[in-house]
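Residue numbers (the working numbering): 536 to 1082. See structure below.
Below is the structure:
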């Protein structure tokens, strides 16, 4: 049973253990049944990139949480079901981590699982999802479960409103405005999705599924809005720990023995948003530096947390009974392409004045900015391919240097016709292909794997003409977000690249150091083949009857 505690860094987990929290995990470590390790998430440390690497062993198609594809003139967003489907088609080779007859629950990708529930890449496949499971119906058949969930949901909403008001009145900083409907999104993630996901895992254990992978998104969602170390975020981590304890008890009655592996896909850093610090968004700054009128397509709004909720409502709407009927009725006006789509739009388009008259600027914006945490990709559509730095200078003189000097930019990443891949900071340039530095190395502050992470990002298709990473303060561990969230991941700096991996002590982490999510896939696969005799590939499925 592989459980992903979304967004929990190794540092946060060890802090929680020292603070007397997460008693189930602490007991496992204290008893010696499990060992705690960590791995390094390369760029971009986000759920889609990490999950693709962990579940499929390949995340080369994912340069950010969202990105622009020049050849098709299209923005891809990982928590849009149609886009998640495209992403999985690009990375799946039939040998995913769950290909031995496994089950994928509450994830972005299936990992080539035999069964999938609340998975974004399969939401439009009507033969898969909650309709295939009895756990959902059984859960709500119990008046106790139904009433308990309603009471817990209401309590979570009240708790969030109280937390926000207390922090606002105390002058806590950074602080994100958390008005409606966020309290309801928090309650849905922290109460409903957690409970349903746990029930699905229990059902799959009792069914005898050989391997399961589930993503608990509670901590990540709350941390994005409240901060990684704020009390409500750590309370969410405690709530996940209680679910892990319930699963441990359920496993004792399962028809086969189960081993538990816990891991995170990335960590999170605290920090204010670029807009809070500088009074303008990053796309407004780039647009002003371009000179002259320019149409802009910006993907910098906070949309990540809506993905799991939309998947849940979409799958509930496909079930029979009262719950399905109520959901279909309540979301009838928010259906898009066969699934529920709540939340703010993920893209903001600002046309030029002359383009507004033409009415066709939406198809070809001059500038596209796609942000993920403290990483942003910048695309100029004047050229159909990725622009060299010399071309950027030719079209927009002084823009790159001005970005480099901006206090909200720590590193500008680009490819030069003369020098190859380079990273420019305010006080120096690191020429990665020539392995030399002029002035101060702008990557040094980001840690020992920063250069490897930038090289890896540069190799990906659809990386921006320019990529920028915000400054990192090693004294406070804070970065600046290019999207409107204060719990930040997606770039470099601090604990966001240091997720943990907790595993049975008798299973040796023999591939360490694990650098990049595909190496985590390799380590997990090696354990499953060596310790559990599972065989990978669609022709080697090991269902419950083979256990």
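In this text, a Cβ means the ideal position worked out from N, Cα and C, and glycines have one as well. Since we're looking at a predicted model, the values are computed, not measured.
Note on residue 682: under 16 other CB atoms within 10 angstroms of its CB, so exposed under the neighbour-count rule.
Residue 972 places its beta carbon 8 Å or farther from that of residue 959.
Collapsing the DSSP output to three states places residue 540 in a strand.
The DSSP assignment places 934 to 940 as complete runs of the alpha helix (DSSP H) inside the segment 928 to 960, in order along the chain (cut-off: 4 residues). Sixteen is the threshold: when 16 or more other Cβ atoms of the shown chains lie within 10 Å of the Cβ of residue 586, as they do, the residue is buried.
Among the bridge pairs identified by DSSP, residue 1015 is matched with none. For residue 570, the enclosing beta strand (DSSP E) begins and ends at 569 to 573.
Approximately 7 Å separates the beta-carbon atoms of residue 1001 and residue 927; this is inside 8 Å, confirming the contact. The residues 585, 588, 589 and 594, in chain order, have a CB closer than 6 Å to that of residue 1052 in the same chain once the five nearest residues on each side in sequence are set aside. Beta-bridge partners of residue 905 (DSSP): 834 and 912.
Under DSSP, the beta-bridge partners assigned to residue 973 are 964. Residue state for residue 1044 is assigned as coil, using DSSP reduced to three classes. Under a 10 Å Cβ-count criterion, residue 646 is classified as buried, with 16 or more other Cβ atoms of the shown protein chains found around its own Cβ.
Only buried fits residue 614, as 16 or more other CB atoms lie within 10 angstroms of its CB. Each residue's CA atom was taken as its position, placing residue 760 and residue 1015 some 14 Å apart. Runs of the alpha helix (DSSP H) spanning 4 or more residues and lying entirely within the segment 743 to 795 occur at 753 to 761 and 766 to 786, in chain order. When DSSP states are grouped into helix, strand and coil, residue 692 belongs to the helix group.
Measuring C-alpha to C-alpha distances from residue 599 to each of 1024, 1056, 1047 and 1059 identifies 1024 as the nearest. With respect to the 8 Å criterion, residue 803 and residue 542 are classified as neighbours on the basis of their beta carbons. Pairing residue 612 with residue 623, the inter-Cα distance amounts to about 13 Å.
For residue 826, the three-state secondary structure derived from DSSP is coil. Listed in chain order, the non-local C-beta contacts of residue 718 below 7 Å within the same chain comprise 692, 695 and 696, local neighbours out to five positions each way being set aside. For residue 1034, the secondary structure class from DSSP, reduced to helix, strand or coil, is strand. Excluding five sequence positions before and after residue 548, the CB atoms of its chain that fall closer than 6 Å to its own CB belong to 1035, given in chain order. Residues of the same chain with a CB within less than 6 Å of the CB of residue 999, apart from the 5 flanking positions on each side, are 912, 913 and 914 in chain order. For residue 633, there is no enclosing beta strand (DSSP E), as DSSP gives it neither H nor E. Comparing alpha carbon positions, the residue from 924, 910 and 930 closest to residue 901 is 930. In the structure shown, the three-state DSSP call for residue 610 is strand. Close CB contacts of residue 785 within its chain, under the 7 Å cut and outside five residues either way in sequence, are with 737 and 740 (chain order).
Within its own chain, the residues whose Cβ lies closer than 8 Å to the Cβ of residue 990, once the five positions on either side in sequence are excluded, are 956 and 967, listed in chain order.
Between residue 592 and the set 606, 627 and 905, the nearest pair of CA atoms involves 627.
When beta bridges are read from the DSSP output, residue 1022 appears opposite 805. Nearest neighbour of residue 1018 by Cα position, chosen from 917, 782, 601 and 560, turns out to be 601. Less than 8 Å separates the beta-carbon of residue 638 from that of residue 744.
Around the beta carbon of residue 1013, 16 or more other beta carbons sit within 10 angstroms, so the residue counts as buried.
Between the alpha carbons of residue 579 and residue 724 lies a gap of roughly 24 Å.
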